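One structure below.
Chains as they are written, first to last, in the working numbering: chain A, 57 to 332; chain B, 57 to 332.
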């Protein structure tokens, strides 16, 4: 998916919501546990309930790999079921020496129809570049994450700037706003201004709203660009809004409340641009 | 596998060789391409040819994921075929927020019978700790890698030390030499003394010998500990020693030459210890 296609989706749906399919078998309602593929059965209902309210789905590969071959099959079926109308993120945090990163890129971009993969930057340029070499595909590189461990390395001083700032500054030189995004956690409100000074045009994937406590209003007010430039991910708060048979309608209600909070920002940002 | 069991394997086989099963379908001999599962067929012959010469096998997950469900099945079959007599490494470079890292740990330690997973440190403590909480299992955290991109972040100054030094110093406080190893590339000869000053007792997983040009002699002379403390990985140089029907015997010959170079170091290090 190209950048302009993604922006058009955001405009059409009045939403920059990404639904995170971190599907945990132990939290799937009891009535689905006997299905032949309970993870896919759950995902299918969540997708049907949220498809018109979000522009993106993010599949956290850990929650599929932990079920081996069956889990990988559920991943493939889910990607296929979503189809081409959403920006598809493999939240895989991959990154290795060049020939290995190329294999990961093939896994997610060619074998599966993902638009993007999340990438860890520690190993540097040759570990990231292979993900940037597939037309219409994206690398989403970790910048400043939402977890407490962000302080261990990401927030350490590296020659007068913080490591995550060095990462944003360096990695943004390897790609363009058309094939590169960054992960910045919703809980890192104090850093949004600095992030936008370093990467004013790149889309940000923002996890950490909902279960992790980040504020959608703070993100929208302080990190949006003239193209919106945000994909805000919510996983557990939508997936597990209800533990019983009503889980899909509860998920829809939760997703709708996020979409309704996003709509005015989308209208304001993209209408102003239309008039201008 | 415990640390003392691993050291016993090294003593018994006169070897600290790890064979890296980065099995690339495009490099498998033609006569295996028509097998029902060519990757497993290839791995099986490599394992049969090298089993007595190495103490460890490292499966690079990228080379399996790129074939989807079939690839993941080949990974499972390979792990099962190797069995319990080797230290099994999932070279997966994983790492995510705590609940996700726990799922990855379950994928490799419980669903599959790996002894260890390689882990990227960027996201900090809560992304690493879940891998340290499974008895008899290990996290192998990236320290200083063998690729050119190591200079982008790993070799940057962080408050008077290099980032990889900070990683070794900080992460070594989260685990012990009984559940934590570090990756240090064979091409980083100049850094071995500094690495050993920071982590004198931890095992190192050392990739980069063979196709990437690292020297086995330099590693063995400058990075071994009183328990050997090394797993030296060779992948392409063994797997693809011959492109035809003789690939397995060529792989054995190449593995044997590495084992023979290692034997005197093992004898010297572990005999001295026995006498002492």
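Heads up, the beta-carbon is just placed ideally off N, CA and C, and yes, glycines get one too.
Being a predicted model, the structure only gives us computed values, none of them experimental.
From what residue to what residue does the alpha helix (DSSP H) around residue i run?
i, result
"residue 275(A)", "272-279"
"residue 155(B)", "154-161"
"residue 99(B)", "94-106"
"residue 290(B)", "Unbroken run through residue 290(B) is the beta strand (DSSP E), 286-290; no alpha helix (DSSP H)."
"residue 63(A)", "59-69"
"residue 134(A)", "124-138"
"residue 296(A)", "Segment: none, residue 296(A) is in no alpha helix (DSSP H) and carries neither H nor E."
"residue 190(A)", "Where residue 190(A) is concerned, there is no enclosing alpha helix (DSSP H), given that its DSSP letter is neither H nor E."
"residue 118(B)", "118-121"
"residue 207(B)", "Careful: residue 207(B) lies outside any alpha helix (DSSP H) and carries neither H nor E."
"residue 183(B)", "181-184"
Quickly, what does DSSP pair residue i with across the bridge? List them, please.
i, result
"residue 237(A)", "196(A)"
"residue 113(A)", "75(A), 144(A)"
"residue 218(A)", "213(A)"
"residue 150(B)", "175(B)"
"residue 265(A)", "270(A)"
How close, in whole Å, do the beta carbons of residue i and residue j come, if the pair is a contact with beta carbons under 8 Å?
i, j, result
"residue 148(B)", "residue 173(B)", "5 Å"
"residue 197(A)", "residue 214(A)", "Actually they do not touch by this definition, with Cβ atoms about 16 Å apart."
"residue 251(A)", "residue 63(A)", "Going by Cβ atoms, the distance from residue 251(A) to residue 63(A) rounds to 19 Å, so no, they are not a contact pair."
"residue 235(B)", "residue 195(B)", "7 Å"
"residue 202(B)", "residue 264(B)", "3 Å"
"residue 222(A)", "residue 212(B)", "7 Å"
"residue 135(A)", "residue 311(A)", "The Cβ separation is near 19 Å, so there is no contact."
"residue 94(A)", "residue 303(A)", "With 8 Å as the limit, residue 94(A) and residue 303(A) do not qualify as a contact, their Cβ atoms being about 12 Å apart."
How many angstroms separate the CA atom of residue i from the CA atom of residue j?
i, j, result
"residue 332(B)", "residue 325(B)", "Residue confidence for residue 332(B) is low, a pLDDT of 47 falling below 50, so the modelled location carries little weight and cannot support an answer."
"residue 270(B)", "residue 279(B)", "13 Å"
"residue 282(B)", "residue 117(A)", "39 Å"
"residue 260(A)", "residue 199(A)", "9 Å"
"residue 186(B)", "residue 300(B)", "43 Å"
"residue 253(A)", "residue 238(A)", "14 Å"
"residue 226(B)", "residue 220(B)", "10 Å"
"residue 113(A)", "residue 81(A)", "18 Å"
"residue 216(A)", "residue 65(B)", "47 Å"
"residue 255(B)", "residue 108(B)", "29 Å"
"residue 141(B)", "residue 69(B)", "11 Å"
"residue 99(B)", "residue 320(A)", "56 Å"
"residue 190(A)", "residue 164(A)", "11 Å"
"residue 315(A)", "residue 110(A)", "7 Å"
"residue 67(B)", "residue 121(A)", "35 Å"
"residue 322(B)", "residue 169(A)", "48 Å"
"residue 154(A)", "residue 132(A)", "25 Å"
"residue 61(A)", "residue 102(B)", "47 Å"
"residue 129(B)", "residue 167(B)", "12 Å"
"residue 188(A)", "residue 160(A)", "12 Å"
"residue 178(B)", "residue 210(B)", "10 Å"
"residue 115(A)", "residue 308(B)", "41 Å"
"residue 286(A)", "residue 289(B)", "41 Å"
"residue 294(A)", "residue 262(A)", "15 Å"
"residue 305(A)", "residue 91(A)", "20 Å"
"residue 119(B)", "residue 277(A)", "42 Å"
Apply the 10 Å Cβ neighbour rule to residue i and answer buried if 16 or more other Cβ atoms are within range, or exposed otherwise.
i, result
"residue 249(A)", "exposed"
"residue 106(A)", "buried"
"residue 232(B)", "exposed"
"residue 139(A)", "exposed"
"residue 87(B)", "exposed"
"residue 137(A)", "exposed"
"residue 152(B)", "buried"
"residue 58(B)", "exposed"
"residue 273(A)", "exposed"
"residue 32(B)", "Here chain B has residues from 57 to 332 only, and residue 32(B) is not among them."
"residue 208(A)", "buried"
"residue 79(A)", "buried"
"residue 171(A)", "buried"
"residue 318(A)", "buried"
"residue 205(B)", "buried"
"residue 83(B)", "exposed"
"residue 72(A)", "buried"
"residue 244(A)", "buried"
"residue 192(A)", "exposed"
At a cut-off of 6 Å, is residue i close to the ligand GTP when judged by its beta-carbon and the heavy atoms of the ligand?
i, result
"residue 139(A)", "Although the ligand GTP was asked about, the structure shown includes no ligands whatsoever."
Would you give the residue range spanned by the beta strand (DSSP E) that residue i belongs to?
i, result
"residue 174(B)", "172-175"
"residue 251(A)", "No beta strand (DSSP E) holds residue 251(A); the alpha helix (DSSP H) holding it covers 248-254."
"residue 262(B)", "260-262"
Residue i CB to nearest chain D CB: under 7 Å?
i, result
"residue 124(B)", "Judged by its chain identifiers, the structure shown contains no chain D, and its protein chains are A and B."
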